[in-house]
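When you read off a place in the sequence shown, starting at 1, and then add 93, the result is the number in this note's numbering. Even glycine gets a Cβ: it sits at the ideal position worked out from N, Cα and C.
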Amino acid sequence: MLSEEIVRNNIYDLIEAEIMESELPLDEKNKKLSRLKRLRKTELSIMLVGATGVGKSSTINAMFDMSVAKVGVGVDPETDQVQSYRLENLTIWDTPGLGDSPEQDEANMELIREKLSEQDEDGVPVIDLVLVLIDASQKDLSTVYDCISKVIVPALGDEAKKRILICLNQADMAMKGRHWNEELNAPDAELMAYLDKKAIAVRKRISETTGINFKPVYYCAGYTEEGGEQRKPYNLAKLLYCIMAAVPKEKRLALADVMNPDEEMWAADDERADYKDLTRNAIWDSVVEYSAAFADKGLMIGIAIAGVPGGVIFGGTFGAAGALYGFVKGIFDHVKEVA
Numbered sequence: 094m095l096s097e098e099i100v101r102n103n104i105y106d107l108i109e110a111e112i113m114e115s116e117l118p119l120d121e122k123n124k125k126l127s128r129l130k131r132l133r134k135t136e137l138s139i140m141l142v143g144a145t146g147v148g149k150s151s152t153i154n155a156m157f158d159m160s161v162a163k164v165g166v167g168v169d170p171e172t173d174q175v176q177s178y179r180l181e182n183l184t185i186w187d188t189p190g191l192g193d194s195p196e197q198d199e200a201n202m203e204l205i206r207e208k209l210s211e212q213d214e215d216g217v218p219v220i221d222l223v224l225v226l227i228d229a230s231q232k233d234l235s236t237v238y239d240c241i242s243k244v245i246v247p248a249l250g251d252e253a254k255k256r257i258l259i260c261l262n263q264a265d266m267a268m269k270g271r272h273w274n275e276e277l278n279a280p281d282a283e284l285m286a287y288l289d290k291k292a293i294a295v296r297k298r299i300s301e302t303t304g305i306n307f308k309p310v311y312y313c314a315g316y317t318e319e320g321g322e323q324r325k326p327y328n329l330a331k332l333l334y335c336i337m338a339a340v341p342k343e344k345r346l347a348l349a350d351v352m353n354p355d356e357e358m359w360a361a362d363d364e365r366a367d368y369k370d371l372t373r374n375a376i377w378d379s380v381v382e383y384s385a386a387f388a389d390k391g392l393m394i395g396i397a398i399a400g401v402p403g404g405v406i407f408g409g410t411f412g413a414a415g416a417l418y419g420f421v422k423g424i425f426d427h428v429k430e431v432a
């Protein structure tokens, strides 16, 4: 049984404790601990791009535990135009809003291009994933489309398909907000059909200019209205799963300890799949493959515990590792169905 002190540490500490308490031979333990040590140093960087007012900041605040964030500036420290948030092994780059003026858009797109071209000392791109946020309630999206086709896709080249996620925020305000069910915190049938068509239209428009067939995910990050009313998040668990599916498997644990611990953030979604379960399996798949020998022993690991924000998504336990490991092997072949 893990001590309370260890249980309250992060997921890397939890995995280390399981390895140490396993019955594996000493040399095998050392190999896995060495691999875990490298995994602890593996970092994930996500960039957010979108028009002014699209909800980049509210999306960051809704998804992640900002109480542990360290705020900094990147790309252009003199003008503070690109903000960075460091949360343990995760860095989020919040780019300046588009659509204010042609001149400013040109300057901002150049900042985005520069950041996407950055590489680390090993020649690996700094940015792993770009979230392009689009306002689901707006029709004129030409500036964002230009940024996708003229800046982001060319900068990412052949990897653009797997390193860009198209996100339609403010789904509750589409159709002027008339078809949002406040009690259920969900769109009614008419609005859901509209949002599905909107996603298809966005997908088609981007495909026409880039040749890439993205599949957008719509959601509402939640925000406080001018009058003080709090709008609750919707489809945030689906967005999280889509992010988890898009990032490299060895980097998923970087998300585990920095999720927003408020359960309400993840409560409402379109129910087309069990996104929490898919996310849990994605994390578990990384744990099994990159860290410990849970599949060998059928150990159980519970992380819905104090001190691990990801517990609100993961639930009570991962379950018996052997059975779950077999289940998750092909999980990411089905991203298209649920995204």
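Exercise. Would DSSP call Tyr-312 helix, strand or coil?
Worked result: In this structure, Tyr-312 counts as coil in the three-state DSSP scheme.
For this session: Work out the CA separation of Ile-104 and Pro-341 for me, nearest whole Å.
Result: Taking the CA atoms as reference points, Pro-341 sits about 18 Å from Ile-104.
Problem set entry | Euclidean distance between Cα positions of Ala-110 and Ala-267 | The alpha-carbon atoms of Ala-110 and Ala-267 are separated by roughly 48 Å.
Exercise. Based on the DSSP output, what are the partners of Trp-273 in its beta bridges?
Worked result: For Trp-273, the pairing in a beta bridge is given by DSSP as Pro-280.
For this session: Spatial neighbours of Leu-284 within its chain, please: CB distance less than 7 Å, with the 5 preceding and 5 following residues excluded, ordered by chain position.
Result: Once the five neighbours on either side are set aside, the close Cβ partners of Leu-284 are Ala-267, Met-268, His-272, Trp-273.
Exercise. Mind checking whether Gly-143 and Ala-314 have CB atoms under 8 Å apart?
Worked result: Not in contact: Gly-143 and Ala-314 (Cβ atoms no closer than 8 Å).
Problem set entry | Nearest-angstrom Cα separation, counted from Lys-125 out to Asp-187 | One C-alpha to the other measures close to 35 Å.
Exercise. If you run the structure through DSSP and keep just helix, strand and coil, what is Val-225?
Worked result: DSSP places Val-225 in strand when its eight states are reduced to three.
Problem set entry | For Asp-187, three-class secondary structure by DSSP | DSSP places Asp-187 in strand when its eight states are reduced to three.
Exercise. Closest by CA to Ala-282, which one among Asp-363, Gln-212, Leu-258, Asp-233?
Worked result: With distances taken between Cα atoms, Ala-282 lies closest to Asp-363.
Problem set entry | At least three beta-carbon pairs within less than 8 Å, the segment 202-219 to the segment 323-341 | Because the criterion of three Cβ pairs below 8 Å is not met, the segment 202-219 and the segment 323-341 do not touch.
Exercise. Can the beta-carbon of Ile-185 be found closer than 8 Å to that of Val-295?
Worked result: Taking 8 Å as the cut-off, the beta carbon of Ile-185 is found no closer than this to the beta carbon of Val-295.
Problem set entry | Beta carbon of Asn-182 nearer than 8 Å to that of Leu-222 | No.
For this session: Flag this pair as touching only if the segment 286-302 and the segment 254-264 have three or more C-beta atom pairs under 8 Å; answer yes or no.
Result: The segment 286-302 makes contact with the segment 254-264, as at least three CB pairs between them are under 8 Å.
For this session: Could you check what DSSP says for Ile-259 in three-state terms: helix, strand or coil?
Result: If DSSP states are grouped into helix, strand and coil, Ile-259 belongs with the strands.
Exercise. What three-state label does DSSP hand Ile-139 in the structure shown?
Worked result: Three-state DSSP puts Ile-139 in a strand.
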